[in-house]
Each structure stands twice: as C-alpha cells, then as structure tokens.
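Trainee: Keeping their order, the protein sequence lines are chains H and A. For the first sequence, this note's numbering gives the first residue as 127, with consecutive numbering after it. For the second sequence, this note's numbering gives the first residue as 127, with consecutive numbering after it.
There are 2 protein chains.
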Amino acid sequence: MADDEYIFVKPEEIEKESFRIIGEELDREGIKLKPEEEPYIKRCIHTSADFSYAKTLTFTENATAVLEDLIRDGASVICDTQMALAGINKSGLKKYGCEAHCFMSDQRIREIAKKEGITRAAASMEAAAHLEGKKIFAIGNAPTALLKLDLLHCEQGFNPDFIIGVPVGFVNAAYSKDLILKTKIPCIVNRGRKGGSNIAACLVNAALKHIGQSK
Amino acid sequence: MADDEYIFVKPEEIEKESFRIIGEELDREGIKLKPEEEPYIKRCIHTSADFSYAKTLTFTENATAVLEDLIRDGASVICDTQMALAGINKSGLKKYGCEAHCFMSDQRIREIAKKEGITRAAASMEAAAHLEGKKIFAIGNAPTALLKLDLLHCEQGFNPDFIIGVPVGFVNAAYSKDLILKTKIPCIVNRGRKGGSNIAACLVNAALKHIGQSK
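#1: Can you check the region 208-239 of chain H for any beta strand (DSSP E) of at least 3 residues that lies completely inside it and give the ranges in chain order?
#2: Along chain H, in chain order, which residues have C-beta atoms closer than 8 Å to that of residue 173 of chain A?
#3: Hey, is residue 339 of chain H's beta-carbon within less than 8 Å of any beta-carbon in chain A?
#4: Find the nearest neighbour of residue 311 of chain A within the set A:192, A:151, A:148, A:215, judged by alpha-carbon distance.
#5: Assess, as a yes-or-no matter, whether the region 219-237 of chain H is touched by the region 128-142 of chain A under the definition of 3 or more beta carbon pairs within less than 8 Å.
#6: Helix, strand or coil for residue 202 of chain H per DSSP?
#7: Please classify residue 268 of chain A: does DSSP put it in a helix, a strand, or coil?
#8: Leaving out five residues before and five after residue 245 of chain H in sequence, what residues of the same chain have Cβ atoms less than 7 Å from its Cβ?
#9: At 8 Å on the CB atoms, spell out the chain H contacts of residue 243 of chain A, in chain order.
#10: Leaving out the 5 sequence neighbours to the left and right, which residues in its chain are closer than 6 Å to residue 157 of chain H when beta-carbon positions are compared?
#11: Measure the Cβ-Cβ separation of residue 274 of chain H and residue 291 of chain H and say whether it is below 8 Å.
#12: I believe residue 332 of chain H touches residue 169 of chain H by the beta-carbon criterion, under 8 Å. Please report the beta-carbon distance rounded to the nearest angstrom.
#13: With DSSP run on the structure shown, which of helix, strand or coil describes residue 296 of chain H?
#14: Just tell me which of H:340, H:284, H:280 has its CA closest to the CA of residue 260 of chain H.
#15: Pick out whichever of H:324, H:255, H:289 has its Cα sitting closest to the Cα of residue 207 of chain H.
#16: In the DSSP output, what is residue 134 of chain H paired with across the bridge?
#17: Straight-line CA distance for residue 265 of chain A to residue 221 of chain H?
#18: Identify each residue in the region 201-226 of chain A for which the Cβ-Cβ distance to at least one residue of chain H is less than 9 Å, and report them in chain order.
#19: Would you verify that the beta carbon of residue 140 of chain H is, or is not, closer than 8 Å to some beta carbon of chain A?
#20: So what's residue 289 of chain A in DSSP terms, helix, strand or just coil?
#21: Straight-line CA distance for residue 219 of chain H to residue 196 of chain H?
#22: For residue 305 of chain A, which three-state DSSP category applies?
#23: So, under 8 Å CB-CB, residue 288 of chain H and residue 306 of chain H are touching, yes? Tell me the CB distance rounded to an integer number of Å.
#24: Closer than 8 Å, CB to CB, is residue 298 of chain A near chain H or not?
#25: Could you tell me which chain A residues have their CB closer than 8 Å to the CB of residue 304 of chain H, listed as they occur along the chain?
#26: Using a Cβ cut-off of 8 Å (strictly closer), state whether residue 231 of chain H contacts chain A.
#27: Anyone know if the C-beta pair for residue 186 of chain H and residue 313 of chain H falls short of 8 Å?
#28: From residue 214 of chain H to residue 328 of chain A, what distance separates their C-alpha atoms?
#29: Compute the distance between the beta-carbons of residue 297 of chain H and residue 144 of chain A, then report whether it is under 8 Å.
#30: Assuming the contact rule is C-beta atoms closer than 8 Å, residue 226 of chain A and residue 211 of chain A should be a hit. Round their C-beta distance to whole Å, please.
#31: Name the DSSP bridge partner or partners of residue 183 of chain H?
#32: Taking a contact to mean a Cβ-Cβ separation below 8 Å, would you say residue 161 of chain A touches residue 335 of chain A in this structure?
#33: Excluding five sequence neighbours on each side, which residues of the same chain lie with their C-beta closer than 8 Å to the C-beta of residue 228 of chain H?
#34: On the criterion of 16 or more Cβ atoms from any shown chain inside 10 Å, does residue 345 of chain H qualify as buried, or is it exposed?
#35: Rounding to the nearest angstrom, what Cα-Cα distance links residue 224 of chain A and residue 199 of chain A in this structure?
If you want it as structure tokens, here you go:
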C-alpha cells in the first residue's frame, strides 16, 4: 500500500499494524533476522522508520538474554540524556525493581565537567560507575560517554554489566561504538553514525516488552 | 576523514565541528539549501545523522520567520510526547515567555481517549486547542495528532498558529503530513515516514538558536 493513503486502524492496533508492515517489508527485501534479535531490530525500525538498523544493529553473543536477565535482577539503567530517560518505560522497569537515572542536569556534574574539561556526559559516566548494584548504560547521544566508559574499563577495571551503545553523530560516534565492540562488555551497538536518545530508550523498552511476552 | 578514526575535539567545539562536517558533506553532494531553512535542516541531520532530511523537510512560505516570531511573542508549544518535551530547550523558551506542554500522561486525557476510542495523542490535541494565546504544535510521534488537528481545522475552524509535523511511522505518518501541507497552516513537515520526538524537539531548538544568533 502506498504511504500516502489513509489506513483505518483502531488506536490499540496501530503498533501491531506497524510491526506487521515492518515484517512485510523486511520479508520483501529478503532480510532474515535472528529470532532473539528480531523484536529489538523491529522496534528500532518502528521508532525511526529507518530500515538501516536491520544491517547495523550489532549484538554480542547472547546479548538480549544478558540484558533481559539484568532487568529481571533489578539493574539500574543509566542514560546520557533526559530525552532517553523520558522515553524509557519507567513503570515497566519498576516492576522488576529497576531504576532509571540521568545525571546530566546535576549541578555537581556540570562542575566536574567544567573543571576537568570533559563533557557532562563523560562526567556522568564517572558518577554512574559508583552506583551500587548491576548497571545497564543506555547511551543514545554522546560518543564521549562511550569513550569514558571504555577508559574506565581499560584503565580502572570498571565493568559495566551491559552497554546499549547508540550515540548519534559526526564526531567519534562510529569510532566510540567500534571501541565498545572491541571490549568483552556485553552490548548492543549500532555501528556507524546513526542512533539517538529515542533508539536508546526503545532498546530498553524492547527488552521490557520481550520479558513481558515470555513470562 | 573516515568515521572510525578518533578526532580530538574540545567539549565546547563538538557541535561546531559536527555542523562543519555536515556542511562539508552537503557541499560534496552538491546540495544547496535555502539560507533561512539551512540551520533547521542541518540541525535535523545533526540529530539523526540522516541526510535524507535535506530532501524531505518541507517548509511553507516564510515558515521559519513565522515560527521565530511566534516564539518571540511567547506562544505555547504543545508536544505529543514527554520525550519531545524533555528534549526542548525549556529555559530558552522561557526567556520569551513561552511555555511547553505535553498532556499525554494526564488522567483526563486517558479517560477521554478511552471513552471516544481515539488515541491519547488525538485527545491531547483537542485539549490543547483550548489553551489561551498563540500555539505551536510540535508533533514528533503520533500521526493521529496531525489527523486530529486537520479535523479540528476543517470541521471546527480551529487555526493552529504553527505546526511542526514530523511524526514517524508506518500507519498514516506520510498521509497525515501530506494532509497538513494541503491546509493553509504555516508549518514545517517532514514528508514520508521519517521524523520523531527528537526531530520535533530539535526543530523548536533550531528556532531558538536562530533567534539567539540574529538578535
């Protein structure tokens, strides 16, 4: 069906119909997705209307199972933007005892960033590394957040439990994602320049949806 | 420069360097943008790393001047997601007396949506139409919000002062944007399926940046 035709769909059916169209178009292009990655990739396409995610979204071994287990265990989710925090299903996370955080607007983070000549995103990562318990980093905006996580990992032995690494941009976005893929940290990364706070949030939400469906 | 090389850029220079790279790539592709539209289109590319916005972002006559005047006049900005609201520079808007709103989580909106069998986004638009003063609608998610604005316009004579129409998706996203372009409402619309809450927010922020620079 052409995109510029009106389709009548009941409010509660819109998401389902969107996923049906996405599945149909992937089939038409002959793109086969791994079953465990499929709901994540389709949700990124649903969020962006960009089918390139089917080619660039990259998962380490068992990444989705690791991520879903972390959520079941009540891990903290740390975002690098208020937008990602706003987009994450926080009441869904709460059911598993998970809390989502974003330190970007904290006055202390501003001060550290200014003093050290680093971005607020990088300073946020350092603060988040000191949080108690398991930690999922959901980075949709700042390559410097991923660069800082890599530095903390390589130089101080910090091990994030999971990284959703989907910063968007032109300065070190692709590079920072390649760097994370070279570590042994379980992650989902979108290779190249694309990503965003909306994509970071949708990947957390994809995990929640999938846990909910497989209960 | 290849995307996977590290580039050293000071925190305060990252955005400037990103815009330089975007300009360079547009030049290389021979894409010429209208001066008044350029900062808006470049900011969408900056937000998404997607150069297709250079071809699909569509402005009605004098759209950017109309939008900037509305902000200077203290118009309300109504979003269809908490994500867009989170991404908008609200302290920047406040300088001009503008307030940003999102009614999506209001209990009353949930009740109306349920009762009328419409989406919460559509119900939000109806509520927003009753706000006092000038109104800018920044729609990044729900095609049904644009469909409702069109209905209010055509059937009840409601005139939004400006529409940023960039919902993303597969069910009526492209159609709803074409519909708004057919009205006489001043707007910026991204033709086709692409858009998002991040794009809606970045277009409001582009207007604020441009007003700030041209003071």
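Each residue gets a CB set at the ideal place from its N, CA and C atoms; glycine is no exception.
Mentor: The answer reads as follows:
#1: Correct list: 226-228.
#2: For the purposes of this step, residue 173 of chain A is identified with residue 47 of the second sequence, where counting begins at 1. Neighbours of residue 173 of chain A on chain H, chain order: 294, 322.
#3: Counting from 1 along the first sequence, the entry for residue 339 of chain H is found at position 213. Not closer than 8 Å to any Cβ of chain A, the Cβ of residue 339 of chain H fails to qualify, so no.
#4: To locate residue 311 of chain A, count along the second sequence from 1; it is residue 185. Per the Cα distances, A:192.
#5: Here the region 128-142 of chain A does not lie against the region 219-237 of chain H, with fewer than 3 beta-carbon pairs under 8 Å apart.
#6: Numbered from 1 along the first sequence, position 76 holds the residue referred to as residue 202 of chain H. Strand at residue 202 of chain H.
#7: Walking along the second sequence from the start, residue 268 of chain A turns up at place 142. The answer is coil: DSSP assigns residue 268 of chain A none of H, G, I, E or B.
#8: The sequence position of residue 245 of chain H within the first sequence is 119, counting from 1. Only 239, 268, 270 meet the Cβ criterion.
#9: Counting from 1 along the second sequence, the entry for residue 243 of chain A is found at position 117. Those are 136, 137, listed as they occur along chain H.
#10: Translated into the one-based positions of the first sequence, residue 157 of chain H becomes position 31. Closer than 6 Å at Cβ, skipping near neighbours: 180.
#11: One-based indexing of the first sequence puts residue 274 of chain H at position 148. One-based indexing of the first sequence puts residue 291 of chain H at position 165. Cβ atoms of residue 274 of chain H and residue 291 of chain H: not closer than 8 Å.
#12: Indexing the first sequence from 1 puts residue 332 of chain H at position 206. Indexing the first sequence from 1 puts residue 169 of chain H at position 43. Going by Cβ atoms, the distance from residue 332 of chain H to residue 169 of chain H rounds to 4 Å, so yes, they are a contact pair.
#13: One-based indexing of the first sequence puts residue 296 of chain H at position 170. DSSP places residue 296 of chain H in coil when its eight states are reduced to three.
#14: Within the first sequence, residue 260 of chain H is the residue found at index 134, counting from 1. It is H:284 whose Cα lies nearest to the Cα of residue 260 of chain H.
#15: Here the question's residue 207 of chain H lines up with position 81 in the first sequence. For residue 207 of chain H, the nearest C-alpha among the options comes from H:324.
#16: Looking up residue 134 of chain H in the first sequence gives position 8. Residue pairing by DSSP places residue 134 of chain H in no beta bridge whatsoever.
#17: As a first step, residue 265 of chain A is located in the second sequence; it is residue number 139 there, counting from the start. As a first step, residue 221 of chain H is located in the first sequence; it is residue number 95 there, counting from the start. Their Cα atoms are separated by approximately 30 Å.
#18: So the list reads 207, 208, 209, 210, 211, 212, 213, given in the order they occur along the chain.
#19: On the first sequence, position 14 is the one that residue 140 of chain H refers to. Residue 140 of chain H counts as touching chain A.
#20: Mapped onto the second sequence, residue 289 of chain A falls at position 163. The answer is strand: DSSP assigns residue 289 of chain A an E or B state.
#21: Walking along the first sequence from the start, residue 219 of chain H turns up at place 93. Walking along the first sequence from the start, residue 196 of chain H turns up at place 70. Taking the straight line from one Cα to the other gives about 11 Å.
#22: Residue mapping note: residue 305 of chain A aligns to position 179 of the second sequence, counting from 1. Three-state result, residue 305 of chain A: helix.
#23: Along the first sequence, one-based indexing puts residue 288 of chain H at 162. Along the first sequence, one-based indexing puts residue 306 of chain H at 180. With a contact defined as Cβ atoms closer than 8 Å, residue 288 of chain H and residue 306 of chain H miss out at about 11 Å.
#24: As a working note, residue 298 of chain A is residue 172 in the second sequence. Yes, because at least one Cβ of chain H sits closer than 8 Å to the Cβ of residue 298 of chain A.
#25: Numbered from 1 along the first sequence, position 178 holds the residue referred to as residue 304 of chain H. What residue 304 of chain H touches in chain A: 130.
#26: Here the question's residue 231 of chain H lines up with position 105 in the first sequence. False, the Cβ-Cβ gap to chain A never drops below 8 Å.
#27: As a first step, residue 186 of chain H is located in the first sequence; it is residue number 60 there, counting from the start. As a first step, residue 313 of chain H is located in the first sequence; it is residue number 187 there, counting from the start. Yes, they are a contact pair.
#28: The sequence position of residue 214 of chain H within the first sequence is 88, counting from 1. The sequence position of residue 328 of chain A within the second sequence is 202, counting from 1. Those two C-alpha atoms are separated by around 19 Å.
#29: Position 171 of the first sequence, counted from the first residue, corresponds to residue 297 of chain H. Position 18 of the second sequence, counted from the first residue, corresponds to residue 144 of chain A. In this structure, residue 144 of chain A lies closer than 8 Å to residue 297 of chain H by Cβ.
#30: To locate residue 226 of chain A, count along the second sequence from 1; it is residue 100. To locate residue 211 of chain A, count along the second sequence from 1; it is residue 85. Rounded, the Cβ-Cβ distance is 6 Å, consistent with contact.
#31: The residue you call residue 183 of chain H lines up with position 57 of the first sequence. Assignment of beta-bridge partners to residue 183 of chain H by DSSP yields H:316.
#32: Numbered from 1 along the second sequence, position 35 holds the residue referred to as residue 161 of chain A. Numbered from 1 along the second sequence, position 209 holds the residue referred to as residue 335 of chain A. When the beta-carbon positions are compared, residue 161 of chain A and residue 335 of chain A stay at least 8 Å from each other.
#33: Here residue 228 of chain H refers to the residue found at position 102 of the first sequence. Cβ neighbours of residue 228 of chain H beyond the five flanking positions: 204, 205, 206, 207, 208, 210, 211, 250.
#34: Coverage of chain H is limited to positions 127 through 341, which leaves residue 345 of chain H absent and any answer about it impossible.
#35: Position 98 of the second sequence, counting from 1, holds the residue named residue 224 of chain A. Position 73 of the second sequence, counting from 1, holds the residue named residue 199 of chain A. Their backbone Cα atoms lie some 8 Å apart in a straight line.
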